[in-house]
Amino acid sequence: MSATAKGTCPACTDWAYASSQPNYDHIHAVRALPDEDHEDTHLVLHGWATGFSSESVPGLEQTWVFFERLEPALVFGRAGRMSVHDITSYGVYRAAREVRFDYGTGRQVTTLYVTGRAIGRQAGEDKQFSRWTRGVQPDSAYYEDPVQ
Ligand SMILES: [Zn+2]
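Letter by letter, the sequence shown follows residues 243 to 390 in my numbering.
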C-alpha cells in the first residue's frame, strides 16, 4: 500500500472515505485499528475521528478530523451539526492516525484509519461535554484531562 498513489488506492474507494483531503494520503475504513507505534519513521496514534458532511455546500463532502481525546471529538461533531444549514450529518468513530516515512517515494505518508461503529449521540454524552468544559485550557490548544 505504501507505493499507491493518492486517488488510486482501492482501500480508499468506500463512498464515505473517498473524498480526498489534502492532509491525508489515505482514509481507510477498518474493523481493527493498527497497533500504536512511536518509532521515528512510523507513528501511530489511537484516538477518535469526527466525520461531517454537507448536502447543501459544494466542496464540503465527507471530511474527517482526528482527535487524540474523545471529549473534543464529540463536542466538535455536535457543535458543527448545530450549524444546521452548513453541516447536515456527522459521526464520531474510534480511529488511528498513522504517519510513516515511505522509503520508496522518499516522503511521509499520512493515513487515517476509521472503524465503522459511530459512538456519538449516546446516553450520557452530556457528561463528556462537561468533562470537555473542565478540561479546556484558555491559553492552550490541548485538552487536558480534568481532575475528577
Ligand atoms: Zn488508501
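Here a beta-carbon is modelled for each residue, glycine too, at the ideal position from N, C-alpha and C.
Report yes if the CB atom of residue i is closer than 8 angstroms to the CB atom of residue j, and no otherwise.
i	j	result
Val356	Ala271	yes
Trp306	Gln263	yes
Asp368	Gly377	no
Tyr266	Thr347	no
Arg323	Ile329	yes
Leu302	Gly362	no
Examine ligand 1 and report whether any of its heavy atoms sits within less than 7 angstroms of the Cβ of residue i.
i	result
Ala274	no
Ala338	no
Trp284	Note that residue 284 is His in the sequence shown here, rather than Trp. For ligand 1, not one heavy atom lies less than 7 angstroms from the Cβ of His284.
His327	no
Ala253	yes
His268	yes
Please report the Cβ distance between residue i and residue j, rounded to the nearest whole angstrom; I am assuming they are in contact, meaning their Cβ atoms lie under 8 angstroms.
i	j	result
Gly289	Phe318	In fact, because the Cβ distance is near 12 angstroms, the residues do not count as touching under 8 angstroms.
Tyr332	Arg359	About 15 angstroms separates the two Cβ atoms, so there is no contact after all.
Gln304	Ser295	5 angstroms
Glu310	Arg373	Rounded, the Cβ-Cβ distance is 14 angstroms, inconsistent with contact.
Leu285	Asp277	Actually they are not in contact, since the Cβ atoms of Leu285 and Asp277 sit about 12 angstroms apart, beyond 8 angstroms.
Is there a Cβ from chain D that is less than 8 angstroms from the Cβ of residue i?
i	result
His280	Of the protein chains in the structure, only one exists, and it is not chain D.
Problem set entry | contact_flag[the stretch 337–352, the stretch 289–299] where n(CB pairs < 8 angstroms) is 3 or more | Taking 8 angstroms as the limit for Cβ pairs, the verdict is that the stretch 289–299 does touch the stretch 337–352.
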